Amino acid sequence: MVFSSLVFLYLFFPINLIFYFISKNNTYRNIILLSFSLFFYAWGEPFFIFALLLSGIINYSFALLIDKYKGTYKSKLFMYSAVIIDLSMIGIFKYYNFFASNINYVFDTNIGLSSIGLPIGISFYTFQIISYVIDVYRQDVPAQKKFYKLLLYMSLYHQLIAGPIVRYIDVANEIDNRIITPSNFSYGINRFIIGLLKKVIIANTAGQAATVFLDSNLSELSVLGAWLGIIMYTIQIYFDFSGYSDMAIGLGRMFGFTYKENFNYPYIAKSVQDFWRRWHISLSSFFKDYVYIPLGGNRKKFIRNVLIVWMLTGLWHGASWNFIIWGMYYGILLLLERTLLHRILDKIPAVLSHIYLILIVIIGWVFFYYVDITKGIKFMSILFGYGSNPLYDIKFEVEFFNNVIFLIFAAFASTPVFKGIYNKLNELIVINNYKPSKLTIIAFNALILIVSTVLLVGQTYNPFLYFRF
Amino acid sequence: MNNKNHLSILNILIFISLIYTVTILNILTPKNKAISEVENRTLAQKPVFSVDNLLSGKYFRDFESFFADHFFDRENLVKISKNISSLKGIKREEEVYLVDFEGQNVGGNRNNEDGEKPEDNAVVTTKGNLLILNDTVMELYKFNEDKAKLYADMVNTVSSTLGENVKTYSLLAPIQIEFLNNEKYKNLSDSQIDAIKYVNDNFSDNIIPVDAYSPIKEHIDEYVYYRTDHHWTALGAYYGYTGFADAAGLEAVPLDKYKENKAPDYLGYISTVNPSEKVNSNPDDVVYYVPPVKTDMKVFYYDKDTGEKKSYAGSVINKKYVLLDQKYGVFLGGDFALGVIKTNVKTDRKIMVIKDSYGNAFVPFLTPHYSEIYVVDPRHYKESIVDLVKENDIGEVMFLNYILTTNFDSFMDSVLNLVK
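Quick mapping for you: the protein sequence lines, in order, are chains A and B.
Heads up: the first sequence is residues 179 to 647, going by this note's numbering.
Heads up: the second sequence is residues 17 to 436, going by this note's numbering.
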């Protein structure tokens, strides 16, 4: 189930709200939330719920042992064991086929492939639970004594399927004590609606237009068509993913949890480094805190560390070479920026560094989109005008004019412009200590909910992109 | 309580009441609707619970489709959603859309007539492209040399298997994009005259090509193609027939010998995939012509469950369809495995037509010339056509398909299976 589906909005969510708010006591509320979360997960993966439960039991037990032997070598041993078990589980489910088929290819062996499939959300919940055992080992947070509470953290449906990667340390307190105020709940609604708008109105629309070009016969694709297609995909992937994070953060607030921000207008970044501080923040900070810094950070073997982190970042996004290339592309660019480019980027006008970054990102999405690398290269050569593809064609013209208003809107929506206008209005128009622009938010919420519902009914195709990871 | 809290509570109240109003309206919406006429498909039904279904995730997936398909006021919402979507672009002189679609290349059988004609399962899934230009939906054609060659080879193989005594005709019907008087959009599609020529050039000497192209081109300003459907109209088929008459040495019966009638308000097969309301607000008329001869038709099909061959009495012009949604079914009553038409015409000539649904509007015009007409749809028929020809002493065979069928290799495979 995804948040932007009719069955979530008009069945699961309203029922969940009723059960949640008729339970007065926090323990009951936790149990309700846990049950609904497990049901939510089972909706998509009735079988893999066992993998999730198993992972929960193992990490719960190991964390208790880590806590019990804290300060001794045993604690370290248990921490490493838990991390190795977690990585093995994700390795088996997500990477086994990738490695086996590559080994088969290189050594001409015949290792059998698995047909189990990938449990939804495994990349997210595995990273969450790894951060938990490491944080317990580091004594940043005490181990959770109650299994159901740990399982609640792991399986909370707000972030289980597509992030953000919430750290236990950030919600440990809220599992036991949360206060839901009208202003929190109302903020949660605002965020949820923004997420719905991003996903249903922007990402799905962009996605439709993107596939028209990206999935078409590449030998007939025009250069401008290729650009329009990849720009649409650039729009789709940001609004899809950040929309999901907004909905997660919004739902969290409605139920009393505060999750950290996951995106901060990444497309207005001025460098690759800046971009990765704004894009999928919970993932990059995970790699920074649990891989990069333990490896030595920028103090020792800096280049090696950067390359390892970015190879892993790529691999996290999917078990195929194109994602590794995509990760390494950013790793190398970061090294380049650190060593050479920063001198240039610091000096040139801001507008040029914006253009530099957005081009880097758009080209990056080519690697990301095409799992088939030869196809990706072919597409890239069209983008840059190699080969005999025409510059312009009717397909481009038709799609461009049919989407031009949307494109302008989406471009502005990728920047803080709308937020800025709203804040300005709030400042300027104050009548009797009352801010009428706040009322417009309420009307806006109702409007977006209605429009999104109508569009959802109109759209049959509605999968979340980030489900693959 | 301060202002901020007032606003928060108002925000919550409006949000919650919207969510619960729709939830309740949804619960109250009856869930027994089986078919969506607007979309030309069956709606998902409530899934059957079983442990297997549950564990594989199928139960929940099906439930989700069921929930969405029976959403409150769904059909109106779908329409409104089209209007909202049209805001994303700017209106130009011409309203143009290009749509990729995946469809099933089987026509006309959804409206089961009291169970007398169950769906056959030889469904060919095809991918295609549509151009929507103002109020007209058009399929686009892409020439594929290998498949066009395969089509010609298929006709050659059938012809040589049937032997020289059986005359073989081939009619490839062009689609309307070929005749569009807007060069810009016409160029989205490959030349059909070249493709037809290519196929004809690859025929062995025994095959007599039928030129339907020229007479249709000559009358292109008349109502020869639908705006909402990918078929030719009966009038288009008639002009195709005049081409056939020339090739077969027959004298074409003038159209005024037929009794003309029409079924209004037809939204055709491809109108469902279009994003524009302009098309839907301008439906077609299905004009049909009742032959001036007496006909008697028997339709054969295979029972869906047992595979047993069964038959019922059909009719060349099936007026039941005038009132149904799939009005193109008025011609022969849609697609089926085999139709045998006997006429009161005094002649020994018998013909077999191997066809896709373009054949349906065409076959009624053959009735004045033949005593028996065998209509074979290779997507459904499963028996030897060699036997059929021999047993019934059929002297002529015509392949009648529209140009896109030369791209469907599974269609060709189905035909070849009939001469094995």
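Even for Gly, the Cβ is constructed at its ideal location relative to N, Cα and C.
Since this is a predicted model, take the numbers as computed values, not measurements.
Apply the 10 Å Cβ neighbour rule to A:Ile-526 and answer buried if 16 or more other Cβ atoms are within range, or exposed otherwise.
As a first step, residue 526 of chain A is located in the first sequence; it is residue number 348 there, counting from the start. Its Cβ having fewer than 16 others within 10 Å, A:Ile-526 is exposed.
Euclidean distance between Cα positions of A:Asn-476 and A:Tyr-219
As a first step, residue 476 of chain A must be located in the first sequence, where it is residue number 298. As a first step, residue 219 of chain A must be located in the first sequence, where it is residue number 41. About 39 angstroms.
When the Cα atoms are used, what is the spatial distance from B:Lys-336 to B:Ala-84?
Locating residue 336 of chain B in the second sequence gives position 320, where the first residue counts as 1. Locating residue 84 of chain B in the second sequence gives position 68, where the first residue counts as 1. Approximately 32 angstroms, taken between the alpha carbons.
Looking only at its own chain, which residues have a Cβ that is under 6 angstroms from the Cβ of A:Phe-256, when we skip the five neighbours before and after it?
Taking the first sequence and counting its residues from 1, one reaches residue 256 of chain A at position 78. Phe-240, Leu-243 and Ile-244.
Nonlocal neighbours in the same chain, by C-beta distance under 6 angstroms from A:Ala-384, ignoring five residues either side
Locating residue 384 of chain A in the first sequence gives position 206, counting from the first residue. Once the five neighbours on either side are set aside, the close Cβ partners of A:Ala-384 are Met-410, Ile-413 and Gln-414.
In the DSSP assignment, the alpha helix (DSSP H) including B:Lys-326 goes from what residue to what residue?
Here residue 326 of chain B is taken as the residue at index 310 of the second sequence, counted from 1. Run containing B:Lys-326: none in the alpha helix (DSSP H); it sits in the beta strand (DSSP E), 325 to 330.
Note down the Cα distance separating A:Ile-312 from A:Phe-465, rounded to an integer number of angstroms.
Here residue 312 of chain A refers to the residue found at position 134 when the first sequence is read from its first residue. Here residue 465 of chain A refers to the residue found at position 287 when the first sequence is read from its first residue. Roughly 13 angstroms between the two C-alpha positions.
Decide if A:Ile-582 is buried, meaning its Cβ has at least 16 other Cβ atoms within 10 Å, or exposed.
For the purposes of this step, residue 582 of chain A is identified with residue 404 of the first sequence, where counting begins at 1. Per the sequence shown, the amino acid found at residue 582 of chain A is Val instead of Ile. When all chains shown are included, A:Val-582 counts as exposed.
Please check if any C-beta of chain B sits within less than 8 angstroms of the C-beta of A:Glu-223.
Your numbering for residue 223 of chain A matches position 45 in the first sequence. Answer yes: the Cβ-Cβ gap between A:Glu-223 and chain B drops below 8 angstroms somewhere.
Reduced DSSP category for A:Tyr-443 - H, G, I as helix; E, B as strand; rest coil:
Locating residue 443 of chain A in the first sequence gives position 265, counting from the first residue. The answer is coil: DSSP assigns A:Tyr-443 none of H, G, I, E or B.
Three-state secondary structure (DSSP) of A:Ile-339:
Residue 339 of chain A sits at position 161 when you count from the first residue of the first sequence. If DSSP states are grouped into helix, strand and coil, A:Ile-339 belongs with coil.
Chain-ordered chain B contacts of A:Ser-364 [CB-CB under 7 angstroms]
Start at 1 with the first residue of the first sequence, and residue 364 of chain A comes out as number 186. Those are Ser-24, Asn-27 and Ile-28, listed as they occur along chain B.
Buried or exposed by the 16-neighbour rule on C-beta atoms within 10 Å, applied to A:Val-529:
Start at 1 with the first residue of the first sequence, and residue 529 of chain A comes out as number 351. Classification for A:Val-529: exposed.
Given this structure, state the Cα-to-Cα distance separating B:Lys-320 from A:Ala-278, to the nearest angstrom.
As a working mapping, residue 320 of chain B is identified with position 304 in the second sequence. As a working mapping, residue 278 of chain A is identified with position 100 in the first sequence. Near 44 angstroms, if we compare the C-alpha coordinates of A:Ala-278 and B:Lys-320.
How many Å lie between B:Ile-96 and B:Leu-149 at the Cα?
As a working mapping, residue 96 of chain B is identified with position 80 in the second sequence. As a working mapping, residue 149 of chain B is identified with position 133 in the second sequence. As the crow flies, the alpha-carbon of B:Ile-96 is around 21 angstroms from that of B:Leu-149.
Whose C-beta lies closer than 7 angstroms to the C-beta of A:Ile-307 among residues of the same chain, with five residues either side of it excluded?
In the first sequence, the residue the question calls residue 307 of chain A occupies position 129. The answer, listed in chain order, is Ser-233, Asn-237, Asp-264 and Met-332.
Quick one: what's B:Gly-355 bridged to in DSSP?
Residue numbering aside, residue 355 of chain B sits at position 339 when the second sequence is read from its first letter. Answer is B:Val-315 and B:Val-391.
Within chain A, partners of B:Glu-80 - CB distance below 9 angstroms
Within the second sequence, residue 80 of chain B is the residue found at index 64, counting from 1. Below the 9 angstroms Cβ cutoff, chain A contributes Met-179, Ser-183, Leu-184, Val-185 and Trp-221 as neighbours of B:Glu-80, in chain order.
When we look at the beta-carbon of B:Lys-314 and count the other beta-carbons within 10 Å, is it buried (16 or more) or exposed?
Against the second sequence, residue 314 of chain B aligns to sequence position 298. B:Lys-314 comes out exposed.
Hey, B:Tyr-305 and B:Glu-267: beta-carbon distance below 8 angstroms or not?
Residue mapping note: residue 305 of chain B aligns to position 289 of the second sequence, counting from 1. Residue mapping note: residue 267 of chain B aligns to position 251 of the second sequence, counting from 1. No; because the gap between Cβ atoms is not below 8 angstroms, this pair is not in contact.
So B:Phe-159 contacts chain A; which residues on that side make the cut at Cβ distance below 7 angstroms?
Taking the second sequence and counting its residues from 1, the one referred to as residue 159 of chain B is at position 143. None at all; the shortest Cβ gap to chain A is about 12 angstroms.
Relative to the alpha-carbon of B:Met-154, which residue among B:Leu-114, B:Leu-187, B:Glu-161 and B:Thr-173 has its alpha-carbon at the smallest distance?
Mapped onto the second sequence, residue 154 of chain B falls at position 138. Checked all of B:Leu-114, B:Leu-187, B:Glu-161 and B:Thr-173; the closest Cα to B:Met-154 is B:Leu-114.
Out of B:Leu-34, B:Asn-21, B:Asp-68 and B:Phe-87, state which residue places its alpha-carbon closest to the alpha-carbon of B:Lys-47.
Stepping through the second sequence from its first residue, residue 47 of chain B is reached at position 31. Ranking the options by Cα distance to B:Lys-47, first place goes to B:Phe-87.
Taking 8 angstroms as the CB-CB cut-off, is A:Phe-199 touching chain B?
Numbered from 1 along the first sequence, position 21 holds the residue referred to as residue 199 of chain A. Answer no: the Cβ-Cβ gap between A:Phe-199 and chain B never drops below 8 angstroms.
Got a sec: is the Cβ-Cβ distance from B:Ala-84 to anything in chain A below 8 angstroms?
Here residue 84 of chain B refers to the residue found at position 68 when the second sequence is read from its first residue. With 8 angstroms as the cut-off, B:Ala-84 counts as an interface residue toward chain A.
Please classify B:Val-302: is it buried, with 16 or more other beta-carbons within 10 angstroms of its beta-carbon, or exposed?
Start at 1 with the first residue of the second sequence, and residue 302 of chain B comes out as number 286. Flag for B:Val-302 reads buried.
So is A:Gln-317 buried or exposed if we call it buried at 16+ other beta carbons inside 10 Å?
As a first step, residue 317 of chain A is located in the first sequence; it is residue number 139 there, counting from the start. By the neighbour-count rule (16 or more Cβ atoms within 10 Å), A:Gln-317 is not buried but exposed.
Any idea what DSSP makes of A:Pro-472, helix, strand or coil?
For this step, residue 472 of chain A is matched to residue 294 along the first sequence. A:Pro-472: helix per DSSP, three-state reduction.
Given a cut-off of 8 angstroms, decide if B:Glu-412 and B:Arg-7 are closer than it, judged by their beta-carbon atoms.
Missing from the structure shown is residue 7 of chain B; chain B here goes from 17 to 436 and no further.
Distance between B:Val-379 and B:Lys-133 (C-alpha atoms, nearest Å):
Residue numbering aside, residue 133 of chain B sits at position 117 when the second sequence is read from its first letter. Residue numbering aside, residue 379 of chain B sits at position 363 when the second sequence is read from its first letter. Residue confidence for B:Lys-133 is low, a pLDDT of 38 falling below 50, so the modelled location carries little weight; the figure read from the coordinates is stated next. Each residue's alpha carbon lies about 20 angstroms from the other.
With 16 as the cutoff for other CB atoms within 10 Å, does B:Asp-409 come out buried or exposed?
Residue 409 of chain B sits at position 393 when you count from the first residue of the second sequence. Counting the other Cβ atoms within 10 Å of the Cβ of B:Asp-409 gives fewer than 16, which makes it exposed.
Less than 8 angstroms between CB atoms is the rule here; does A:Lys-376 satisfy it with respect to chain B?
For the purposes of this step, residue 376 of chain A is identified with residue 198 of the first sequence, where counting begins at 1. It does not; no Cβ of chain B falls within 8 angstroms.
With a threshold of 16 other CB atoms inside 10 Å of the CB of A:Phe-417, please say whether the residue is buried or exposed.
Reading the first sequence from its first residue, position 239 is the one you call residue 417 of chain A. Buried is the call here.
Taking any Cβ of chain B, which residues in the segment 619 to 634 of chain A have a Cβ under 9 angstroms from it, in chain order?
Ile-619, Ile-620, Ala-621, Asn-623, Ala-624, Leu-627, Ile-628, Val-629, Thr-631, Val-632, Leu-633 and Leu-634
How about B:Ser-81 and B:Ala-50: do their beta carbons lie closer than 8 angstroms?
Numbered from its first residue, the second sequence carries residue 81 of chain B at position 65. Numbered from its first residue, the second sequence carries residue 50 of chain B at position 34. For B:Ser-81 and B:Ala-50, no; Cβs fall outside 8 angstroms.
Have a look at B:Ser-186, B:Lys-273, B:Arg-90 and B:Ala-250 and flag the residue whose alpha-carbon is nearest the alpha-carbon of B:Ile-224.
Here residue 224 of chain B is taken as the residue at index 208 of the second sequence, counted from 1. Comparing Cα positions, the closest option is B:Ser-186.
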